[in-house]
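2 protein chains.
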Amino acid sequence: VASLRLAVDAMSGDHGLRSSISATLNALNQNSALHISLVGDEPTIRSALAEKTYDSARLQICHSPDVVAMDELPSKALRYKKNSSMYRALELLRDGEVAGMISAGNTGALVAMGCIILDRLPGVRRPAICAPLPAENGFTLMLDLGANINCDAEQLYQFAVMGSSLSKALDGRESPRLALLNVGAELMKGTSIVKEAAELISANPHLNYIGFAEGNDIFSEHIDVMICDGFTGNVALKVCEGTANFIRGQLKAKFMQSLYGKLAALVVKPVLSAFQKEINPERYNGAALLGLNGVVIKSHGGSSAESFEAAIHQAARAVECNLTQLIATQINTIES
Amino acid sequence: VASLRLAVDAMSGDHGLRSSISATLNALNQNSALHISLVGDEPTIRSALAEKTYDSARLQICHSPDVVAMDELPSKALRYKKNSSMYRALELLRDGEVAGMISAGNTGALVAMGCIILDRLPGVRRPAICAPLPAENGFTLMLDLGANINCDAEQLYQFAVMGSSLSKALDGRESPRLALLNVGAELMKGTSIVKEAAELISANPHLNYIGFAEGNDIFSEHIDVMICDGFTGNVALKVCEGTANFIRGQLKAKFMQSLYGKLAALVVKPVLSAFQKEINPERYNGAALLGLNGVVIKSHGGSSAESFEAAIHQAARAVECNLTQLIATQINTIES
Numbered sequence: 035v036a037s038l039r040l041a042v043d044a045m046s047g048d049h050g051l052r053s054s055i056s057a058t059l060n061a062l063n064q065n066s067a068l069h070i071s072l073v074g075d076e077p078t079i080r081s082a083l084a085e086k087t088y089d090s091a092r093l094q095i096c097h098s099p100d101v102v103a104m105d106e107l108p109s110k111a112l113r114y115k116k117n118s119s120m121y122r123a124l125e126l127l128r129d130g131e132v133a134g135m136i137s138a139g140n141t142g143a144l145v146a147m148g149c150i151i152l153d154r155l156p157g158v159r160r161p162a163i164c165a166p167l168p169a170e171n172g173f174t175l176m177l178d179l180g181a182n183i184n185c186d187a188e189q190l191y192q193f194a195v196m197g198s199s200l201s202k203a204l205d206g207r208e209s210p211r212l213a214l215l216n217v218g219a220e221l222m223k224g225t226s227i228v229k230e231a232a233e234l235i236s237a238n239p240h241l242n243y244i245g246f247a248e249g250n251d252i253f254s255e256h257i258d259v260m261i262c263d264g265f266t267g268n269v270a271l272k273v274c275e276g277t278a279n280f281i282r283g284q285l286k287a288k289f290m291q292s293l294y295g296k297l298a299a300l301v302v303k304p305v306l307s308a309f310q311k312e313i314n315p316e317r318y319n320g321a322a323l324l325g326l327n328g329v330v331i332k333s334h335g336g337s338s339a340e341s342f343e344a345a346i347h348q349a350a351r352a353v354e355c356n357l358t359q360l361i362a363t364q365i366n367t368i369e370s
Numbered sequence: 035v036a037s038l039r040l041a042v043d044a045m046s047g048d049h050g051l052r053s054s055i056s057a058t059l060n061a062l063n064q065n066s067a068l069h070i071s072l073v074g075d076e077p078t079i080r081s082a083l084a085e086k087t088y089d090s091a092r093l094q095i096c097h098s099p100d101v102v103a104m105d106e107l108p109s110k111a112l113r114y115k116k117n118s119s120m121y122r123a124l125e126l127l128r129d130g131e132v133a134g135m136i137s138a139g140n141t142g143a144l145v146a147m148g149c150i151i152l153d154r155l156p157g158v159r160r161p162a163i164c165a166p167l168p169a170e171n172g173f174t175l176m177l178d179l180g181a182n183i184n185c186d187a188e189q190l191y192q193f194a195v196m197g198s199s200l201s202k203a204l205d206g207r208e209s210p211r212l213a214l215l216n217v218g219a220e221l222m223k224g225t226s227i228v229k230e231a232a233e234l235i236s237a238n239p240h241l242n243y244i245g246f247a248e249g250n251d252i253f254s255e256h257i258d259v260m261i262c263d264g265f266t267g268n269v270a271l272k273v274c275e276g277t278a279n280f281i282r283g284q285l286k287a288k289f290m291q292s293l294y295g296k297l298a299a300l301v302v303k304p305v306l307s308a309f310q311k312e313i314n315p316e317r318y319n320g321a322a323l324l325g326l327n328g329v330v331i332k333s334h335g336g337s338s339a340e341s342f343e344a345a346i347h348q349a350a351r352a353v354e355c356n357l358t359q360l361i362a363t364q365i366n367t368i369e370s
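Top line first, the protein sequences correspond to chains R and Y. To convert, take the position in the first sequence, counting from 1, and add 34; that gives our numbering. To convert, take the position in the second sequence, counting from 1, and add 34; that gives our numbering.
Below you can see the structure in the form of structure tokens.
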């Protein structure tokens, strides 16, 4: 395996270094082909690394004193945070010093900086955030999850092309089944934008479009990629997480209510833990910013070290399978 | 308690008479003040009632031979289905022969017929579908759940007024806490429509607006009423149901995988059943069509007898607390 170098934005996200350092060291341990540039405040990173053991030949530190705040306006971050870890990591990617980057920071800022520093791939209107959600068939890729609040039909169509490419490349699905998220499966349903997008997608013989789908179909084994605008996608993602958390909480409370329940909880704990691991959003961490000229993986803002590490491995896989080139070719084939 | 008469659309919905008859008889049993007009094909209804015992003084049959199909275009239903159970039940309501109606039929047709037969309340732009979703504080009312695919800011504002009225009337909440569903809590987030709606709602001193909320906040104990357009609301509702079903299925599979799991399942079964009852959408059945000149309750298309009965009780409560008058007054106070 050829060596591959990634940039890790070490300072961003709710937990900053506390997640990124352990994630980086574990990822290096897991994948011996991996080299990582930790981007952030050098003295702070050095002291965080002080007591740790790692292969120093595969770990570089790249100094940048600033951090983009989680609630910072993207336009302000773009203007005033050129010395931030996020900005610098994207520059390393643009300059070819690394083959991909990972950040748990402010999504809006990451999209904005990505568009400016890396640029979009030729023909791509807007990048989209794409992540896997748990489903009957393992998972369903869903995009856009929030980069584009308003989308027209052509954007939804490009999301279909990019999502299909990601599914082929990362999941090895030969002909990923695409669906458009809507309020009903019938052709007459939905907004004019969704209907127009359906026409564009179904007219393309390279896409395996299976039609409209509803919110509950995210979990269906018959769908590989679900397409929607960023507003709907963001709400859907959070409703999904919220429902899972709510049910977990209710189950726990239910178990604790009676002595019988407490005993049951004891017996059932290993079963529930195995299940929790399975639907754990941490395992599904690592959203891809598709449509940029380079591999950019976004980790949850509140990523633990475990989920941050999953995002690093995701970036490595995207680099290994030439995701960016693949999307560029697909968009080009289709647009021309 | 004064007697109250409701019309039940007996033929519509996936299960038609199989749900509506048992639901009606059980509801009559539960509530001695209740009178019901069963609307549908008289011979079929008569034969379904043949072996049953019930208080015939409180059960009327109102003949209408046709049924609106679940996948029928609302415009077509409106034109060609004037002899349908849905149409006739709405006419009974318009003519003052009943005080409310319940249907498990085609939502689009129900909204369209409701607008034409009953008309909207003065000042109301469009009716909205409002239903309770399970939450930390019992439930959160959410609207619109699919009557209006495209909404402008003023419509969202009217939904806030109507949802607040429903929460006051049915749940007895004095000052229901309203939130607008968005992709982030910060003021800068979201579409221009959502931002404009936030300004309209927060400018009204009669509304207790607490700001933007995200998809996972549906389950929060700090929100009583969640406002959104019908596209987003419909997707959110179905994602919520889909997630709950997916988790139930996964848990079941997990329990069955090992002998240990099977034993655990045995012990845990009563706890899980109690929980399933709690998050059961059946218990939360009975969406209100707000903004029409009359109490119209929509039951799930796939309603069981149990959930259909819940919808009947919901209609009775809405009549008892004068929901329609309350909304009319609120909309008027606010608009003038």
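All C-beta atoms in this analysis are idealised placements derived from N, C-alpha and C, irrespective of residue type, glycine included. Since the model is a prediction, treat every value here as computed from it, not as a measurement.
With 16 or more other CB atoms across the displayed protein chains lying within 10 angstroms of its CB, methionine 260(Y) is buried.
Residue pairing from DSSP places methionine 260(Y) in a beta bridge opposite Met176(Y) and Ala213(Y). Alanine 322(R): member of the beta strand (DSSP E) spanning 321-324, first to last residue.
In the DSSP annotation of this structure, the continuous segment of the alpha helix (DSSP H) that includes valine 353(R) starts and ends at 339-354. Annotation for proline 108(Y): the continuous alpha helix (DSSP H) segment containing it runs 108-114. DSSP places leucine 221(R) outside both helix and strand once states are collapsed to three, so it counts as coil. In the structure shown, proline 156(Y) falls within a coil segment according to DSSP collapsed to helix, strand and coil.
Under the three-state reduction of DSSP output, aspartate 43(Y) falls in the strand class. Within the DSSP secondary-structure output, histidine 69(Y) pairs in a beta bridge with Arg39(Y). Following the DSSP letters along the chain, one finds lysine 202(R) inside the alpha helix (DSSP H) bounded by residues 187-205. Within the region 97-116 of chain Y, Asp105 and Leu107 place their CB atoms closer than 7 Å to a CB of chain R, listed in sequence order. By the C-beta density criterion, threonine 266(Y) is buried, having at least 16 other C-beta atoms within 10 angstroms.
For asparagine 242(Y), the enclosing beta strand (DSSP E) stretches over residues 242-247. Neighbourhood of alanine 278(Y) in chain R, by CB distance below 8 Å: Thr277 and Ile281, in chain order. The criterion of a C-beta distance shorter than 9 Å is not satisfied by aspartate 251(Y) and alanine 194(Y). Excluding residues up to 5 positions away in sequence, Gly50, Leu51, Ser54, Ile55, Thr58, Leu72, Val73, Gly74, Ile79 and Ser119 lie with their Cβ nearer than 8 Å to the Cβ of alanine 44(R) in the same chain. No Cβ-Cβ contact shorter than 9 Å links isoleucine 227(Y) with aspartate 178(Y). Per the DSSP secondary-structure output, glycine 134(Y) pairs in a beta bridge with Leu40(Y) and Val329(Y). For alanine 270(R), the C-beta contacts it makes with chain Y under 8 Å involve Gly249, Val269, Ala270 and Val273, in order along the chain.
Beta-carbon to beta-carbon, alanine 169(Y) and leucine 40(Y) are separated by about 28 Å, too far to satisfy the 8 Å threshold. Between proline 210(R) and glutamine 189(Y), the alpha-carbon positions lie close to 38 Å from each other.
Going by beta carbons, glycine 139(Y) and glycine 335(Y) fall inside the 9 Å limit. With a threshold of 9 Å between beta carbons, valine 301(Y) makes contact with chain R.
One thing to note: leucine 204(Y) has its Cβ no nearer than 9 Å to the Cβ of leucine 326(Y). In the structure shown, glutamine 291(Y) adopts coil according to DSSP, grouped into three states.
Of the other Cβ atoms in all chains shown, fewer than 16 fall within 10 Å of the Cβ of leucine 221(Y); this residue is therefore exposed.
Put simply, the CB of methionine 147(R) is far from chain Y, with every gap to its CB atoms at 9 Å or more. Those residues of the region 184-199 of chain R placed with their C-beta closer than 7 Å to a C-beta in chain Y are Asn184, ordered along the chain.
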